[in-house]
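Notes follow the structure.
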Amino acid sequence: MSVVPQTSEPLHAGFHGRCPRCGQGKLFNGWITLRESCDVCDLDYGFADSGDGPAVFITFFAGFIAVGAALWLEIAYQPSFWIHGLVSLPIILVTCLVPLRPLKGWLIARQFQMDATEVRNDDVSGGYQE
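If you read the sequence shown in my numbering, its first letter stands for residue 7, the second for the next number, and so on.
Written as structure tokens, this is what we have:
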């Protein structure tokens, strides 16, 4: 296994939306749309597939925060349902949208750091075959 020298800390760079190899180029076009390649070191981002990973982690986190806040609000003040909606909606939006970009960048940088690629059917040897 070869070791590729790093010019930046990939996880820190990914968390900040920068190229995991050079730490300078942009990782995203816009908010969460992945660029095709780094504009500084020409790293092809074709390897990157974060899939639903960021959304799953964020959903668990946001659900925990939103349900906790709703329970606290209900126990402490017993407001009507529209107050629950008025308070819960911003909490859910903030806890879902704010961490999405950093977490997606971090997971892509982790893929780069671990040299992870997608497994294809022809890559697998052995196992069940008819």
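For glycine and all other residues, C-beta sits at the position ideal for the given N, C-alpha and C.
- Straight-line measurement puts the Cα of Pro16 at about 7 angstroms from the Cα of Gln119.
- Separation of Ser56 and Ile114 (C-alpha to C-alpha, rounded to the nearest whole angstrom) is 6 angstroms.
- In this structure, Ala76 is the residue among Ala76, Leu33 and His18 with its C-alpha nearest to the C-alpha of Phe87.
- The Cβ-Cβ distance between Phe34 and Gly23 falls below 8 angstroms.
- When rounded, the separation of the alpha-carbon atoms in Cys28 and His18 is 11 angstroms.
- Fewer than three pairs of CB atoms, one per stretch, sit closer than 8 angstroms, so the segment 70-84 makes no contact with the segment 33-49.
- Looking at the DSSP output, Phe34 sits in a beta bridge with Leu40.
- DSSP places Pro96 inside the alpha helix (DSSP H), whose first and last residues are Phe87 to Leu103.
- Only exposed fits Tyr83, as fewer than 16 other CB atoms lie within 10 angstroms of its CB.
- With a minimum length of 4 residues, the unbroken runs of alpha helix (DSSP H) contained wholly in the segment 53-89 fall at 59-83.
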